[in-house]
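Protein chains in written order, with the working numbering: chain A, 56 to 375; chain B, 28 to 363.
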Amino acid sequence: MITYLEAIRLAQQKALATDARVFLYGQDIGSFGGAFKATKNLAAEFPGRVLDAPLSEDAIIGMAIGAAIEGARPIVEMQFADFSTCGLNQIVNHAATLFYRTNVPCPIVVRLPSGGTSGGGPFHSQSLEAIYAHWPGLVVVTPATVEDAYSMLLEAVNIDDPVIFCEHKFLYYHLKAEKLPDTALPIGKARIARAGRDATIVTHGAMLHESLAAALELTEDGYEIEVVDLRSVKPLDTDTILASVARTGRLLCVSEEWPWGGVTAEVLARVSSEGFGLLDAAPMRVNAKDTPVPYHPDLWAAHRPTASTIAAAARRLLQI
Amino acid sequence: MSKKIAPVTQSDFIKAYRLMLTSRVLEEKLAGLYRAGMIKGGVFLGRGQEALSVSVGIQLRRGDIFAPLIRDQCGRLAFGDSVLDTLRTYLGSQLGSMRGRDGNIHRGRPRDGYYAMISHLGAMIPAVTGALLARRLKGEQGVVGATCIGEGGTSTGAFHEGLNAAAVEKLPLIVVVANNQYAYSTPNSRQYACTDLIDKAIGYGVGSHKADGTSLLDCLQTLRNAIHTAREGGGPQLVVADLLRLVGHGEHDDFAYLDPKLKKSAIGSDCVLSAEKHIIENGWHTAEELAAWRRETEEEINATADRVRREPSPDPSEDDWAALSRPEYREQYAAS
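Written out as structure tokens, the structure is:
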């Protein structure tokens with residue numbers, strides 16, 4: 056069985072093997088194989104192309120930009136998504152503006168090990184897809200399955216624009232697949248992860264699995280919930296969302312991000328303005344609580360949306 | 028070091044001086060256009076920094092990488108930028124390299140190794156470092172990358188991270204610091220506490236070169252040494268030149284904070300005038316010949332400016348408003 060983490064490693068291995076322009080750069084990713092082992096054995100297999108970086112997120116991203124201008128296809132690892140804020144300037148002011156300003160694209164992939172795990176605490180748990188989606192000039196993807204972790208990373212390397220690859224740490228080890236796909240939906244297309252008729256849950260990342268569990272729980276009450284996995288938050292597949300809401304008439308948007316100005320807010324805004332007539336009830340959303348991500352497992356479990364809080368919200372939505 | 032470093036010749040000096048003169052006259056024109064209200068946004072001049080700047084740009088080769096900064100008009104011209112594109116970018120012409128999407132000193136042609144700075148200081152150091160890493164991965168040898176910054180920029184995290192990373196990878200990077208005494212209005216006493224900025228070199232494990240920023244001869248020779256050392260495999264080189272910014276931060280700034288003692292000190296002398304004096308004293312050209320060069324340069328620049336002013340501005344209805352290269356990724360919920 057192939058884990059989500061192994062899929063990311065295998066995608067990087069394939070990219071290195073098939074594209075001489077690809078190299079990897081990041082902290083501890085060389086012979087150590089990365090903090091999560093997402094680059095295990097790659098330094099030995101591809102000598103000189105899997106390079107340890109100093110503790111310098113600004114330099115890591117900035118170097119990727121320069122390398123991309125020179126025709127390389129760098130994949131850089133931020134050890135945790137949280138630390139990407141130390142490289143924020145290079146991402147949002149340099150990589151994201153390059154094509155618009157100079158007509159020269161910036162094909163970099165920035166891997167962000169994202170989201171919460173038990174005990175991660177305030178600085179090793181963040182979900183930052185919304186802040187990167189805010190800036191023009193970035194593609195922001197959030198694979199939620201082993202298959203997408205693999206295929207979307209390979210696709211990201213071939214995109215000429217900067218891609219923020221939000222891989223979810225909670226899914227690294229326990230999410231498994233029998234084999235990797237040869238074909239996949241393109242980045243920018245959402246996926247109906249579960250068909251339904253009574254309400255639509257739009258979600259991404261690790262929250263897909265909590266939402267699917269909530270949908271299963273609601274079958275006991277006779278409800279069939281449709282679950283849309285966004286896959287990429289920018290571009291956002293509004294058409295698939297609206298088509299689903301047209302079928303169900305009800306929308307619940309679920310995200311592990313903080314609530315203010317995030318993906319749920321964007322989805323609700325779009326559905327409210329474009330699909331108001333499709334709605335039988337006011338759209339709802341569930342986000343993480345508006346505090347730093349807490350350390351203690353009990354606090355953390357209560358901080359993020361879970362199958363039970365999602366199911367509870369869905370019940371309220373269904374009773375409106 | 029395998030090859031001997033050639034001394035700067037009369038021909039080198041004259042060629043560099045002609046670029047300094049063009050840069051100086053061009054900047055005087057830009058200031059005039061600004062005062063006449065024809066340039067929107069700011070005008071940022073390199074007056075007093077031409078000797079240092081030209082010494083970088085003129086001694087790089089085709090295939091090298093150059094990421095100039097705010098006061099490098101002269102180095103830009105030396106590296107292959109044109110008076111025409113400078114004026115187009117300042118005046119926002121649709122025909123300029125930035126097509127009106129960015130302006131003034133934020134211009135470049137990255138595909139030609141001429142990088143377009145962002146305003147966030149220090150950011151270009153990692154970018155050039157990464158470019159050199161990519162060149163190395165491609166198997167290219169003998170290429171160097173140079174980037175310029177001021178003493179204010181040495182206080183940024185990006186300066187530290189970029190120079191350190193380049194040192195770790197032993198890449199052929201030249202970081203040129205114009206210590207021009209003020210970062211906007213902030214004097215050196217509020218910028219750093221070391222005795223001399225060149226002392227930072229040993230901390231990073233990079234080569235160090237100190238130049239007199241008012242002397243074209245010294246700048247040319249110092250940069251020649253630094254570039255040669257990097258090209259021959261000596262790793263990153265830090266160059267620090269002491270000089271004085273002879274104008275405000277931008278043309279909007281009256282420079283009232285200038286300490287008059289600095290103006291009267293050795294670093295307060297004008298490198299263009301010093302170069303002219305050197306040429307005349309050596310008998311290479313007469314004052315009359317230099318005056319004629321200036322008149323010719325003024326005429327050319329005035330004609331170019333007149334031409335650019337007649338060029339089309341960008342048309343908002345024609346712009347594709349695309350921040351991403353893939354059309355299918357474009358945001359559909361923006362203003363239209």
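Using N, Cα and C, we set each Cβ at its ideal position, and we do this for glycine too.
Determine the direct distance from the alpha carbon of residue j to that of residue i, and round the result to whole angstroms.
| i | j | result |
| --- | --- | --- |
| Ser120/B | Ser344/B | 15 Å |
| Glu61/A | Asp347/B | 40 Å |
| Leu164/B | Leu373/A | 58 Å |
| Arg166/A | Ala33/B | 47 Å |
| His433/A | Ser301/B | Residue 433/A cannot be examined here, being either before or after the span of chain A that is shown, 56 to 375. |
| Arg138/B | Gly126/A | 9 Å |
| Arg162/B | Ala122/A | 8 Å |
| Ile163/A | Tyr284/B | 43 Å |
| Pro347/A | Leu354/A | 11 Å |
| Ile201/B | Leu190/B | 9 Å |
| Ile423/B | Leu79/B | Because chain B here runs from 28 to 363, residue 423/B falls outside it and cannot be looked at. |
| Ile57/A | Glu233/A | 6 Å |
| Thr200/A | Leu271/A | 18 Å |
| His276/B | Ser352/B | 35 Å |
| Arg305/A | Asp276/A | 17 Å |
| Ile186/A | Gly232/B | 37 Å |
| Gly84/B | Val110/B | 15 Å |
| Arg368/B | Glu55/B | Beyond the ends of chain B as shown, which are 28 and 363, falls residue 368/B; an answer cannot be given. |
| Thr293/A | Asp284/A | 12 Å |
| Leu273/A | Ala366/A | 7 Å |
| Pro352/A | Pro360/A | 14 Å |
| Met65/B | Glu265/A | 59 Å |
| Gly230/B | Ala362/A | 53 Å |
For residue i, which three-state DSSP category applies?
| i | result |
| --- | --- |
| Ser111/A | coil |
| His189/A | helix |
| Ala33/A | The displayed coordinates of chain A run from 56 to 375. Any statement about residue 33/A would go beyond what the structure contains. |
| Tyr59/A | helix |
| Arg64/A | helix |
| Met339/A | strand |
| Ile280/A | strand |
| Arg115/B | helix |
| Glu132/A | strand |
| His276/B | coil |
| Ala293/B | helix |
| Glu54/B | helix |
| Phe78/A | strand |
| Tyr211/B | coil |
| Ala248/A | strand |
| Thr346/A | coil |
| Tyr227/A | coil |
| Thr255/A | strand |
Would you decide whether residue i is buried or exposed? Buried here means 16 or more other CB atoms lie within 10 Å of its CB.
| i | result |
| --- | --- |
| Gln181/A | buried |
| Ile219/A | buried |
| Met28/B | Reliability of the predicted coordinates at Met28/B is poor, the pLDDT of 48 falling under 50, and no value is obtained from them. |
| Ala75/A | exposed |
| Cys221/B | exposed |
| Glu178/B | buried |
Is the beta carbon of residue i sitting closer than 9 Å to the one on residue j?
| i | j | result |
| --- | --- | --- |
| Pro199/B | Asp113/A | no |
| Arg88/B | Arg51/B | no |
| Gln218/B | Thr181/B | yes |
| Val341/A | Cys308/A | yes |
| Leu317/B | Asp297/B | no |
| Val204/B | Val266/B | yes |
| Leu106/A | Leu79/A | yes |
| Leu270/B | Ile294/B | yes |
| Arg249/A | Ile280/A | yes |
Is there a C-beta anywhere in chain D that falls below 9 Å from the one on residue i?
| i | result |
| --- | --- |
| Gln145/A | This model lacks chain D altogether, as its protein chains are A and B. |
Using a Cβ cut-off of 9 Å, pull out every chain A residue sitting near residue i, in sequence order please.
| i | result |
| --- | --- |
| Gly310/B | What Gly310/B touches in chain A: nothing, since even the nearest Cβ is about 45 Å away. |
In chain A, what lies closer than 7 Å to residue i by C-beta?
| i | result |
| --- | --- |
| Gly184/B | Asp113 |
| Arg138/B | Val159 |
| Arg103/B | None at all; the shortest Cβ gap to chain A is about 15 Å. |
| Leu160/B | Met118 and Ala122 |
| Asn131/B | In chain order: nothing, as chain A lies at least about 12 Å away. |
Cβ closer than 7 Å: which chain B residues qualify as neighbours of residue i?
| i | result |
| --- | --- |
| Pro290/A | Tyr356 |
| Asn213/A | None at all; the shortest Cβ gap to chain B is about 11 Å. |
Residue i versus chain B: which residues are under 8 Å apart at the beta carbon?
| i | result |
| --- | --- |
| Ala151/A | Ala350 |
| Ala301/A | Neighbours of Ala301/A on chain B: none; closest Cβ ~18 Å, over 8 Å. |
Give me the chain B residues within the contact set of residue i, using Cβ-Cβ distance strictly less than 9 Å, ordered along the chain.
| i | result |
| --- | --- |
| Gly126/A | Ala161 and Lys165 |
| Ala108/A | Ala192 and Val195 |
| Val194/A | Leu351, Arg353 and Tyr356 |
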